[in-house]
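This report concerns only the one structure given below.
Residue numbers (this note's numbering): 128 to 495.
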């Protein structure tokens, strides 16, 4: 449990089967209130919390009186549009009395692979958490065709954990972890409490189907674990259908822990350092000294920009002698950098016509 005690940022993924009664199609409000109390406890312990929640389609299909079984793509999108309003309202209903502010973020997996959209999403999450807000994140099922057909929120949760730099990802599931076989049909299946590496044998143990209201099975959870571990984030799979599940986990509830490979910041820095720069920023001595002290790169310190890079690309940051000082993700296109270089941040709006971001390369997106 040390990973929970020492963690600073936690992502919790909630599946449809936990949120929505499979018989009535109604929200399981009492269970959700218990989860809200857990979130409150984590927040009071000084931790950032992000919730990745399924349930919009499951809630919306009942409102639209859609038939049981598989839905068409168009029916799924319509159900998601109707259910998403109810899902966001439910979280607000249980968290507001605890003085917890909430926000809704709708993502697709593409938002974590396109660098420009990735930076926007990451910045939004970071800003919200800076305002002490708990983001409620779901797939944008009303437009994301591939995600509805084949996607799942287990992998989205892992992408969110990587994007947000989370220390721990908790998947609240309908099973208490990974087994050597399917425990529902194999009486000899053995529970695995700790996994420090995803091997072909581990992948072979994972099944492929989930419950009636969810798409994620153990296979998708192991895929999610691989993403989280590589991002320096530990991941737990636990039985979520208990009162106050996070409290249960902290009290030693049975689960499977997937051990992180390093820490989130180190993993992110390693990723940045491995990418090939698309351009170069030349900086003056004052900016060079600031970078060595761990500061972000501001426009005022840049004397020249080379290359046809775009926002979100990797750039090399060099001093006037040509020595590389750092690499990082740039916040502006090359023509915009050329326009604002040498100017104070306060002048960005006047020059570009919009406020933009204060830094050219933020220290969190930089390797010195």
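The beta carbon of each residue, even a glycine, is placed where N, CA and C say it ideally should be.
DSSP, read as helix, strand or coil, puts residue 380 in coil. Using a Cβ distance threshold of 7 Å, residue 207 and residue 269 count as a contacting pair. Contact between residue 303 and residue 381 holds, with the beta-carbon distance rounding to 5 Å and staying under 8 Å.
In this structure, residue 421 sits near residue 490, with a CB-CB distance shorter than 7 Å. Of the residues 465, 131 and 185, the one whose Cα lies closest to the Cα of residue 209 is 185. Residue environment for residue 321: exposed (fewer than 16 other C-beta atoms within 10 angstroms of its C-beta). Using a Cβ distance threshold of 7 Å, residue 263 and residue 229 count as a contacting pair. The C-beta distance from residue 250 to residue 179 rounds to 18 Å, too long to meet the 8 Å contact threshold. By the criterion of a C-beta distance shorter than 8 Å, residue 445 is surrounded in its chain by 407, 408, 409, 410, 451 and 452, once the five residues flanking it on both sides are discounted. Bridge partners of residue 408 according to DSSP: 432 and 444.
Where residue 395 is concerned, the enclosing alpha helix (DSSP H) starts and stops at 391-401. Going by C-alpha positions, residue 394 is about 8 Å away from residue 388.
One Cα belongs to residue 220, the other to residue 175, and the distance between them is close to 20 Å. With distances taken between CA atoms, residue 347 lies nearest to 281 out of 305, 281 and 372. Of the residues assessed, residue 477 falls on the exposed side of the cut-off, its CB having fewer than 16 other CB atoms within 10 angstroms.
In the DSSP assignment, residue 262 is bridged to 230.
By the beta-carbon neighbour count (other beta carbons within 10 angstroms, threshold 16), residue 150 is exposed. When secondary structure is reduced to three states using DSSP, residue 213 falls in the helix class. Closest in C-alpha terms to residue 371, from the list 427, 145, 211 and 468, comes 145. When DSSP reads this structure, residue 137 sits in a beta bridge with 176 and 295. Selection 361, 291, 239 and 246 evaluated against residue 297 yields 361 as nearest (Cα-Cα). The C-beta separation of residue 460 from residue 405 comes to about 11 Å, leaving the pair out of contact by the 8 Å criterion. In this structure, 305 is the residue among 305, 326 and 247 with its C-alpha nearest to the C-alpha of residue 344. For residue 425, there is no enclosing alpha helix (DSSP H), as DSSP marks it with neither H nor E. A Cβ-Cβ distance of about 7 Å is found for the pair residue 181 and residue 141, placing them in contact under the 8 Å criterion. With a beta-carbon spacing of about 11 Å, residue 217 and residue 231 fall beyond the 8 Å limit used to define contacts.
DSSP places residue 451 in the strand class (E or B) of the three-state scheme. Nearest to residue 475 by C-alpha distance, out of 199, 447 and 427, is 427. Contact annotation: residue 167 and residue 373 have beta-carbon atoms that are not nearer than 7 Å. About 6 Å separates the CB atoms of residue 154 and residue 147; that is less than 8 Å, so the two are in contact. With fewer than 16 other beta carbons inside 10 angstroms of its own, residue 392 counts as exposed. Apart from the 5 residues on each side of it in sequence, residue 246 sits with its Cβ closer than 6 Å to the Cβ of 439 in its chain, given in chain order.
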